[in-house]
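K.L.:
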Amino acid sequence: MAGLGMKMHQQSIQDKQTFWQQASQAVTWFTRFNTVLDESNAPFYQWFAGGKMNSCFNAVDRHVEAGHGDRIAIEYVSPVTQNHYSITYQELLSQVSRLAGYMESIGIKKGDRVVIYMPMVPETAYAMLACARIGAIHSVVFGGFAANELATRINDAKPKLVLSASCGIEPSGVVKYKPLLDEALEQATHQVNHCVILNRPQYQAELLSERDVDWQQAVADAPLIDCVPLESTHPLYVLYTSGTTGQPKGVVRDNGGHAVAMMWSMKHIYNIDAGDVFWAASDVGWVVGHSYIVYGPLMAGATTLMYEGKPVGTPDAGAFWRIIAQYNVKSFFTAPTAIRAIKREDPNGDGLDGVDLSCLGQVFLAGERCDPDTLYWAQEKLNKPVIDHWWQTETGWPVAANLMGADPIEVKAGSPARPVPGYQVEVLDAIGEQVPANESGNVVIKLPLPPGNLTTLWNNDSRYVDSYLSMYDGYYLTGDAGYIDEDGYLYIMSRIDDIINVAGHRLSTGRFEEVLCQHDAVAEAAVIGVQDKLKGQVPLGLVVLKNGVDISDEQLYKELLALVRHEIGPVASFRLVSAVQKLPKTRSGKILRATMRKIADNSAFTVPATIEDPMTLDIVRSALTKMGYADALAKELTAS
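Take any residue in the sequence shown, note its place counting from 1, add 153, and you have its number in the working numbering.
Set out below in structure tokens:
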């Protein structure tokens, strides 16, 4: 007998109109929509067309109007500044409506763009919600992005206003944002007339000319203003995908569909109700921060925890667990790479000693494929359900997940469970035929995409179609490779580009990494395909060892080769593997495999704007050179 989750999924595919009409009732509408799904301009589908609402009203005002103004909206925790405080919904309403009042006073109106370049502080949430309040379209750029990357986004979005801060605080020290912003505005061809700067005590930025205004002065005498009713289809935000070079790729999210998806997912996936505490340990610069630090939890009337810190080093590998206990967190969301970092620093889980996690219902992982070894470690140490789930910047909310608030099912290590209601996920071969169960292929989603997904790319409908919809007629191409098993569980193994063709055998880098992480000494692994004259490509592995491990290079090499041969077979041709201190990653925790592959093959590359530590590229280059790849003299590193 099919469970509730499967029944909901079946209804969402066979009767989209009824399913999403029911889901839409969780949102407050000023004007009800004419139709649930308008397919008249496919593939540019519209959800809840004709309806009017406001995302800020749904996230803030309605909770105050319902008498919940004293409920905590945001818990701000900053171990890097030793600062923490609570913000009620009433206080949030005051801050947001006053900032919106200032924006309106300088001529910002519905449809205007506002770039937000800020750290993990509550004012960043105020900025996003203030834009939503008046119908301005916000574009958050991760604080600390290089000036030229910020400039390209300013040129593409053409904002009238930039909201920024003097600095961000990293464990390594203060990162001065204002000089980067000044440089970006100098480089940009689009002229910005207004900048509002939040000066932080750690670095006081110089305000230049009439363009720059101090944040506190700007809002001090600003009027409090009400929400503007907006069409459901009006854009809420543009978010540029990480690692973009050349012309940026700006994902456009609408208001109505997004709000419905946020409300549905908070309850059914994350098991969060009004008054619960939810913590997504991410950043507002990423889609996770948009969906599940700001909009999702606040729309649900929950308390969202904003954390300015890291999984390790602020101050130690037990920080996450202590905060969960202290703030009574019910659902916790982080990246597998954060768990791996904690596991590497504290393999025995000593940081959990004396910490009461009885409040914690479940842990969610996303951002990078979670290898089974990491999942097992977290399950064992936390003694809680650890739920891998999968989605993208483009989708805005989970594509495959365990419905912890509706119908929890068995956890299968390596799988983010089954597709979520609304998503018809299939696996196709190169010519568009559906592959049998347990066979790998390209993971696609049948159109139309459910509410909350991207509607197009900013000012570039043709690129939207070319990038996502052109490979298979009637399908969205996720760019990921994987398979669906006999129970309907989805397995995402790698990006399509990370499938290695070894003498005609198509092998997934994700499977190699899964096997390498089974070794007791290995904390995390990355595998790339490198060029080989005989076989076309062969796999090359880099592993990071757990702290305190005592094993010789020779012994490690022998054991890893034997492990791969046993688990995957001699067809893998796996003979290249080395230990490194760190792997190059984005700030959201994704390993930069494509960049590593270019280094190995002596191809020209650009240092991605999203990289957390550029020095890791030198570490990788050195290891690759020792294995006979990446001749350090062959190519100059092209600075971003």
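We put the CB at the ideal spot given by N, CA and C, even for glycine.
By a C-beta neighbour count over all protein chains shown, 10 Å radius and 16 as the cutoff for buried, is Lys331 buried or exposed?
P.N.:
Lys331 comes out buried.
K.L.:
Report the option in Glu192, Glu639, Tyr198, Ala318 whose CA atom is closest to the CA atom of Thr608.
P.N.:
Tyr198
K.L.:
According to DSSP, Thr739 sits in a beta bridge with which residue or residues?
P.N.:
Ile764
K.L.:
Taking the straight line between their C-alpha atoms, what separation do you get for Leu729 and Tyr238?
P.N.:
Cα-Cα distance, rounded: 50 Å.
K.L.:
Whose C-beta lies closer than 7 Å to the C-beta of Arg185 among residues of the same chain, with five residues either side of it excluded?
P.N.:
Gly204
K.L.:
Counting only the same chain and skipping the five closest in sequence on each side, list residues whose C-beta sits under 6 Å from that of Ala762.
P.N.:
So the qualifying residues of the chain are Phe298, Ala299, Glu302, Ser793.
K.L.:
Determine the direct distance from the alpha carbon of Gln577 to that of Asn755, and round the result to whole angstroms.
P.N.:
40 Å
K.L.:
Who are Met206's beta bridge partners in DSSP?
P.N.:
Leu383
K.L.:
Where DSSP assigns a beta bridge to Phe727, which residues make up the other side?
P.N.:
DSSP, once it has assigned bridges, lists no residue as partnering Phe727.
K.L.:
Using a threshold of 9 Å, state whether the C-beta atoms of Tyr629 and Ile649 are closer than that.
P.N.:
no
K.L.:
Less than 8 Å separating the Cβ of Gly504 from some heavy atom of the ligand HEM?
P.N.:
Although the ligand HEM was asked about, the structure shown includes no ligands whatsoever.
K.L.:
What do you reckon, are the CB atoms on Pro382 and Phe201 nearer than 9 Å?
P.N.:
no
K.L.:
Run the CB neighbour count on Val465, radius 10 Å, all protein chains shown included, and call it buried at 16 or more, exposed below.
P.N.:
By the neighbour-count rule (16 or more Cβ atoms within 10 Å), Val465 is buried.
K.L.:
Could you tell me the boundaries of the beta strand (DSSP E) in which Val268 lies?
P.N.:
266 to 270
K.L.:
Cα-Cα, which of Leu157, Asp223, Trp543, Val760 is closest to Asp633?
P.N.:
Trp543
K.L.:
What is the rounded straight-line gap between the Cα of Ala478 and the Cα of Leu510?
P.N.:
Straight-line spacing of the CA atoms in Ala478 and Leu510 works out to 5 Å.
K.L.:
Closer than 7 Å by C-beta to Thr394: which residues in its own chain qualify, once you throw out the five before and the five after it? Chain order, please.
P.N.:
Around Thr394, the same chain offers Lys402, Val404, Thr546 as residues with beta carbons nearer than 7 Å, after the five sequence neighbours per side are excluded.
K.L.:
Which residues in the same chain as Ala434 place their Cβ atom closer than 6 Å to its Cβ, once the five residues preceding and following it in sequence are excluded?
P.N.:
Tyr460, Thr487
K.L.:
Using only CA atoms, which one of Ser731, Ile681, Met281 lies nearest to Ala725?
P.N.:
Ile681
K.L.:
Along the chain, where does the alpha helix (DSSP H) containing Met159 start, and where does it finish?
P.N.:
157 to 167
K.L.:
With burial defined as no fewer than 16 other Cβ atoms inside 10 Å of the residue's Cβ, what is the status of Glu192: buried or exposed?
P.N.:
exposed
K.L.:
Look at the alpha carbon of Val773 and the alpha carbon of Ile764, and state the distance between them as a whole number of angstroms.
P.N.:
14 Å
K.L.:
Does the pairing of the stretch 226 to 246 with the stretch 360 to 370 give three or more beta-carbon distances under 8 Å?
P.N.:
no
K.L.:
Closest to Phe795 by CA distance: which of Arg266, Arg750, Ile704, Leu660 is it?
P.N.:
Coverage of the chain is limited to positions 154 through 793, which leaves residue 795 absent and any answer about it impossible.
K.L.:
Have a look at Leu518 and Pro538 and give me their C-alpha separation to the nearest angstrom.
P.N.:
Just so you know, the alpha carbons of Leu518 and Pro538 end up roughly 11 Å apart.
K.L.:
What is the residue span of the alpha helix (DSSP H) that Gly449 lies within?
P.N.:
449 to 452
K.L.:
If you count every other CB in all the chains shown that lies within 10 Å of the CB of His719, and 16 or more means buried, which is it?
P.N.:
His719 is exposed by the Cβ-count criterion.
K.L.:
Please report the distance separating the alpha-carbon of Leu600 from that of Asn194.
P.N.:
When only Cα atoms are considered, Leu600 and Asn194 end up about 13 Å apart.
K.L.:
What are the uninterrupted segments assigned as alpha helix (DSSP H) that are 4 or more residues long and contained completely in the stretch 405 to 465, given in chain order?
P.N.:
You should have 409 to 421, 449 to 452.
K.L.:
If I measure Cβ to Cβ from Lys743 and keep anything under 6 Å in the same chain, skipping five residues before and after, which residues do I get?
P.N.:
Glu521
K.L.:
Mapping DSSP to helix, strand and coil, what is Tyr198?
P.N.:
Here Tyr198 sits in coil by DSSP.
K.L.:
Is there contact between the stretch 306 to 324 and the stretch 342 to 354, where contact requires at least three CB pairs shorter than 8 Å?
P.N.:
yes
K.L.:
Quickly, what does DSSP pair Ile378 with across the bridge? List them, please.
P.N.:
According to DSSP, Ile378 bridges with nothing at all.
K.L.:
Within its chain, find whatever has a CB closer than 6 Å to the CB of Val447; leave out the 5 residues flanking it on each side and keep chain order.
P.N.:
Non-local beta-carbon contacts of Val447 in its own chain, meaning distances under 6 Å to residues more than five positions away in sequence, involve Ala278, Met281 in chain order.
K.L.:
Going by C-alpha to C-alpha distance, which of Val552, Gly321, Asp541 sits closest to Val799?
P.N.:
The question about residue 799 has no answer, for the chain in this structure spans 154 to 793.
K.L.:
Since Ile495 contacts Ala470 with CB under 8 Å, what's their CB separation in whole angstroms?
P.N.:
About 5 Å separates the two Cβ atoms, so the contact holds.
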